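K.L.:
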Amino acid sequence: MTATDLSTSTVSERTAAHIATTERYAAHNYHPLPVVLAQGEGAWVVDVDGRRYLDCLAGYSALNFGHSNERLVAVAREQLGRLTLTSRAFFNDQLGGFAESLARLTGKDMVLPMNSGAEAVETAIKVSRKWGYEVKGVPAGQASIVTMEGNFHGRTTTIVSFSDDEVATSGYAPFTSGFRRAAYGDIASVAAAIDDTTVAVLFEPIQGEGGVVMPPEGFLRDLRALCTERNVLMVADEIQSGLARSGRTFACDHEDVVPDIYVMGKALGGGIYPVSAIAADHEVMDVITPGSHGSTFGGNPLAAAIGTEVVAMLEEGTFQARAAEIGTQIEAGFRPLVGRGLVDVRVRGAWAGIDIDPALMTGRQMSEALMARGILAKDTHGSTVRFAPPLVASDDDIALLVNAVTEILTAG
Ligand SMILES: *Cc1c(COP(=O)(O)O)cnc(C)c1O
Numbered sequence: 158m159t160a161t162d163l164s165t166s167t168v169s170e171r172t173a174a175h176i177a178t179t180e181r182y183a184a185h186n187y188h189p190l191p192v193v194l195a196q197g198e199g200a201w202v203v204d205v206d207g208r209r210y211l212d213c214l215a216g217y218s219a220l221n222f223g224h225s226n227e228r229l230v231a232v233a234r235e236q237l238g239r240l241t242l243t244s245r246a247f248f249n250d251q252l253g254g255f256a257e258s259l260a261r262l263t264g265k266d267m268v269l270p271m272n273s274g275a276e277a278v279e280t281a282i283k284v285s286r287k288w289g290y291e292v293k294g295v296p297a298g299q300a301s302i303v304t305m306e307g308n309f310h311g312r313t314t315t316i317v318s319f320s321d322d323e324v325a326t327s328g329y330a331p332f333t334s335g336f337r338r339a340a341y342g343d344i345a346s347v348a349a350a351i352d353d354t355t356v357a358v359l360f361e362p363i364q365g366e367g368g369v370v371m372p373p374e375g376f377l378r379d380l381r382a383l384c385t386e387r388n389v390l391m392v393a394d395e396i397q398s399g400l401a402r403s404g405r406t407f408a409c410d411h412e413d414v415v416p417d418i419y420v421m422g423k424a425l426g427g428g429i430y431p432v433s434a435i436a437a438d439h440e441v442m443d444v445i446t447p448g449s450h451g452s453t454f455g456g457n458p459l460a461a462a463i464g465t466e467v468v469a470m471l472e473e474g475t476f477q478a479r480a481a482e483i484g485t486q487i488e489a490g491f492r493p494l495v496g497r498g499l500v501d502v503r504v505r506g507a508w509a510g511i512d513i514d515p516a517l518m519t520g521r522q523m524s525e526a527l528m529a530r531g532i533l534a535k536d537t538h539g540s541t542v543r544f545a546p547p548l549v550a551s552d553d554d555i556a557l558l559v560n561a562v563t564e565i566l567t568a569g
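All residue numbers for the sequence shown refer to our numbering, where the first residue is 158 and numbers rise by one.
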């Protein structure tokens, strides 16, 4: 498939009608690009006018395995026809196998399944606090959790309580207490934020929403050592960085670091269905007792069937290897643009953040220019754009992305 050149076209009536209805009736909590998608296969999506686009956002990495992945769709279809929801009041024949396989993938004793990423983060916070009181011996009601500057962990009231993003927090006070922020990538800052009440350090091994920001080499290892020394849980939010995106199963693998709690979501549901989970060893997970936490949909058989297949695909290792290859190609394509339109490029696996010279254009303008060339991507703040194509993207697909960015920067 090739991209459609949209540079001379305008929005069709059909597209305009879909946008108008959506904007009229759906709350304006997003500012989407003016494209209305109707189909997807692999790394490509098609809009209501039949135009094709290379999807370089991939549902914020929920679509690591591509749109309409054959294996995942087949499993989901099969399960849809058999049993979709039981509630955890009863056992179902899918959850055990899913939990076993995800425990094996993470190397942890147990998993706790939820649905959205934010719910998994909330779960990690609750488990960490309970562990703090029952195992570490923190005085009742005193538990503190250290988080990072520039973090993104979701949208619940507790989670935005430790965000430093003005847009995400404004108007939502009062906030949940018990959180302190440290400078991302600065181990001395993290150490200074920890005291006897600290139960966990919650961090992203790579900050995706922040613009694919990586801590300095060695930070994850230092953080592991610090958490062990201070008897604090190391809680890795791998919702976006995990499950092959970075070129390894988990971004923590790049420094051979094993956190105490893995937080997973997005790609765990294969882009088909929301599936999230945390994984931890008994010492941590055993604080969870019947009734102390739950979810109507968490661990349902449809989610479990899809999640089991996702884990099976990850255990083959091919998606991780492909992500690393894509990263090499993106790095080679984008690196020469530094100083020629780009201020900085950060690449880890099939995941890249570019900082455009703000004098040239905003990230939004770059996204619009890319869309006109048949490539969909999303800016984050200011002049930063991140790229996360599905891991089934071909070399030609990636070349298309690299050439488009190069042309836009050099033409501007
Ligand atoms: C997307 C994301 C979340 C929140 O996941 P939702 O499914 O949107 O609730 C949490 N943490 C990170 C790192 C994310 O990228």
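Quick reminder that beta carbons are idealized off the backbone N, C-alpha and C, glycines included.
No experiment lies behind these values; they were computed from the predicted model shown.
1. Examine ligand 1 and report whether any of its heavy atoms sits within less than 7 Å of the Cβ of Phe309.
2. So, is Pro372 buried or exposed, given that buried needs 16 or more other C-beta atoms within 10 angstroms?
3. Compare the beta carbon distance of Val356 and Gly289 with 8 Å and say whether it is the shorter of the two.
4. What number of angstroms, rounded off, separates the C-alpha of Thr465 from the C-alpha of Leu214?
5. With a threshold of 7 Å, establish whether the CB of Asp149 neighbours any heavy atom of ligand 1.
6. For Val232, does the three-state DSSP call read helix, strand or coil?
7. Evaluate contact between the segment 525-534 and the segment 187-197, counting only Cβ atoms and requiring at least three cross-stretch pairs below 8 Å.
8. Per the contact definition of three or more C-beta pairs closer than 8 Å, is the segment 462-479 in contact with the segment 381-401?
9. Give every residue of the same chain whose Cβ lies closer than 7 Å to the Cβ of Val205, excluding the five residues on either side of it in the sequence, and list them in chain order.
10. Could you tell me if the beta carbon of Gln251 falls within a distance shorter than 7 Å of some heavy atom in ligand 1?
11. Below 8 Å on the Cβ atoms is my guess for Leu259 versus Ala434; work out the distance and round it to an integer in Å.
12. Nearest-angstrom Cα distance between Ser452 and Leu242?
13. Apart from the five residues just before and just after Pro270, which ones in its own chain have a Cβ nearer than 6 Å to its Cβ?
14. Is there contact between the segment 234-250 and the segment 408-416, where contact requires at least three CB pairs shorter than 8 Å?
15. Where does Val303 fall in DSSP's three states?
16. If you follow the alpha helix (DSSP H) that Gly523 is in, where does it begin and where does it stop?
17. Would you kindly work out how many angstroms separate the C-alpha atoms of Phe319 and Gly207, rounded to a whole number?
18. Would Pro447 pass as a contact of Gln236 if the rule is Cβ separation under 8 Å?
19. May I ask you to check if the CB of Ile396 is nearer than 7 Å to at least one heavy atom of ligand 1?
20. Tyr182 lies in the beta strand (DSSP E); which residues open and close that run?
21. If I measure Cβ to Cβ from Asn249 and keep anything under 6 Å in the same chain, skipping five residues before and after, which residues do I get?
22. Could you compute how far the alpha carbon of Val504 sits from the alpha carbon of Ala183?
23. Please tell me whether, using a cut-off of 7 Å, the distance from the CB of Tyr217 to the nearest non-hydrogen atom of ligand 1 is below it.
P.N.:
According to the structure shown:
1. Residue numbering aside, residue 309 sits at position 152 when the sequence shown is read from its first letter. Yes, ligand 1 has a heavy atom inside 7 Å of this Cβ.
2. As a working mapping, residue 372 is identified with position 215 in the sequence shown. Buried: at least 16 other Cβ atoms inside 10 Å.
3. The residue you call residue 356 lines up with position 199 of the sequence shown. The residue you call residue 289 lines up with position 132 of the sequence shown. Yes, these two residues count as a Cβ contact at 8 Å.
4. To locate residue 465, count along the sequence shown from 1; it is residue 308. To locate residue 214, count along the sequence shown from 1; it is residue 57. Distance from the CA of Thr465 to the CA of Leu214, rounded to the nearest whole angstrom, comes to 24 Å.
5. In the structure as shown, the chain begins at 158 and stops at 569. Residue 149 is therefore absent and cannot be evaluated.
6. Locating residue 232 in the sequence shown gives position 75, counting from the first residue. Residue state, collapsed to three classes: helix.
7. yes
8. yes
9. Here the question's residue 205 lines up with position 48 in the sequence shown. Within the same chain, Val205 has close Cβ partners Arg171, Thr172, His175, Val193 and Ala195.
10. Within the sequence shown, residue 251 is the residue found at index 94, counting from 1. It does not: the Cβ of Gln251 is nowhere closer than 7 Å to a heavy atom of ligand 1.
11. Position 102 of the sequence shown, counted from the first residue, corresponds to residue 259. Position 277 of the sequence shown, counted from the first residue, corresponds to residue 434. The Cβ separation is near 6 Å, so the contact holds.
12. Residue numbering aside, residue 452 sits at position 295 when the sequence shown is read from its first letter. Residue numbering aside, residue 242 sits at position 85 when the sequence shown is read from its first letter. Between the C-alpha atoms of Ser452 and Leu242 there is a straight-line separation of about 12 Å.
13. The residue you call residue 270 lines up with position 113 of the sequence shown. Answer for Pro270: Ala434, Gly455 and Gly456, listed in chain order.
14. Contact between the segment 234-250 and the segment 408-416 is not established, with fewer than three Cβ pairs separated by less than 8 Å.
15. For this step, residue 303 is matched to residue 146 along the sequence shown. Strand, per DSSP.
16. Walking along the sequence shown from the start, residue 523 turns up at place 366. Strictly speaking, residue 523 in this sequence is Met, with Gly absent from that position. Element bounds for Met523: Gly520 to Ala529.
17. Position 162 of the sequence shown, counted from the first residue, corresponds to residue 319. Position 50 of the sequence shown, counted from the first residue, corresponds to residue 207. The straight-line gap from Cα to Cα measures roughly 43 Å.
18. Locating residue 447 in the sequence shown gives position 290, counting from the first residue. Locating residue 236 in the sequence shown gives position 79, counting from the first residue. Taking 8 Å as the Cβ cut-off, Pro447 and Gln236 do not qualify as a contacting pair.
19. Against the sequence shown, residue 396 aligns to sequence position 239. Yes, Cβ of Ile396 sits closer than 7 Å to a heavy atom of ligand 1.
20. Here residue 182 corresponds to residue number 25 of the sequence shown, with the count starting at 1. Here Tyr182 belongs to no beta strand (DSSP E); instead the alpha helix (DSSP H) covers Glu170 to Tyr182.
21. Taking the first residue of the sequence shown as position 1, residue 249 is located at position 92. If we look at Asn249 and ignore the five residues flanking it on each side, its Cβ neighbours are Thr243 and Pro458.
22. To locate residue 504, count along the sequence shown from 1; it is residue 347. To locate residue 183, count along the sequence shown from 1; it is residue 26. So the two alpha carbons sit approximately 35 Å from each other.
23. Against the sequence shown, residue 217 aligns to sequence position 60. Yes - ligand 1 has a heavy atom lying nearer than 7 Å to the Cβ of Tyr217.
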